[in-house]
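Numbering (this note's numbering), first residue to last: 85 to 217. Ideal Cβ positions, reconstructed from N, Cα and C, are used throughout, including at glycine. All of these numbers come straight from a predicted model, not from anything done at the bench. A quick write-up on the structure given underneath.
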């Protein structure tokens, strides 16, 4: 089934000039970029994005990280795009991520893990609306 999913190349990826290297991984694996923008997220946008974590001890750190410098927001499309992107990204903690996943290759730490991807159809719909209207 063809799906669309949201991906964020987080500030640490942009700061380290990894945009092209990461996009190649998605395109090489048959995913199509249908929308993309380089932007600096506002605190309000980051709070909306991480709304499910509001009230947790790490919420403010997440917002500060996502807003510290520009990021790339993109929508990828393809067969089973949601699960495929999450597999390509690897696990949240780069230290435990399978070899050759984006986070294993480029992630710095659990808190600076380079990429975000929607985890379900519902999340993809909600997150695409937040970032692309």
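Buried versus exposed, by CB contacts within 10 Å (16 or more), residue i
{"i": "residue 221", "result": "Since the first and last residues shown for the chain are 85 and 217, residue 221 lies out of range."}
{"i": "residue 156", "result": "buried"}
{"i": "residue 104", "result": "exposed"}
{"i": "residue 112", "result": "exposed"}
{"i": "residue 92", "result": "buried"}
{"i": "residue 217", "result": "exposed"}
Spatial neighbours of residue i in its chain, beta-carbon cut-off 8 Å, leaving aside the 5 residues before and after
{"i": "residue 67", "result": "Past the edges of the chain, shown from 85 to 217, lies residue 67, and the structure says nothing about it."}
{"i": "residue 153", "result": "95, 98, 99, 124"}
{"i": "residue 132", "result": "214"}
{"i": "residue 188", "result": "174, 178, 181, 182"}
Same chain, Cβ closer than 6 Å to residue i, neighbours up to 5 away in sequence not counted
{"i": "residue 151", "result": "125, 127, 130"}
Spatial distance of residue i from residue j (CA atoms)
{"i": "residue 69", "j": "residue 201", "result": "Residue 69 cannot be examined here, being either before or after the span of the chain that is shown, 85 to 217."}
{"i": "residue 180", "j": "residue 195", "result": "13 Å"}
{"i": "residue 108", "j": "residue 135", "result": "30 Å"}
{"i": "residue 101", "j": "residue 198", "result": "11 Å"}
{"i": "residue 89", "j": "residue 117", "result": "10 Å"}
Residues of its chain near residue i, where Cβ-Cβ distance is below 7 Å and the 5 sequence neighbours each way are ignored
{"i": "residue 137", "result": "143, 146"}
{"i": "residue 158", "result": "91, 117, 119, 120"}
**Q.** Cβ contact (3+ pairs, closer than 8 Å) linking the stretch 163–173 and the stretch 118–136
**A.** no
Q: Please determine if the stretch 142–153 and the stretch 168–184 are in contact, where contact requires at least 3 C-beta pairs separated by less than 8 Å.
A: no
**Q.** Ranges of the alpha helix (DSSP H) found wholly within the stretch 113–161, counting only runs of at least 4
**A.** 127–133, 143–151
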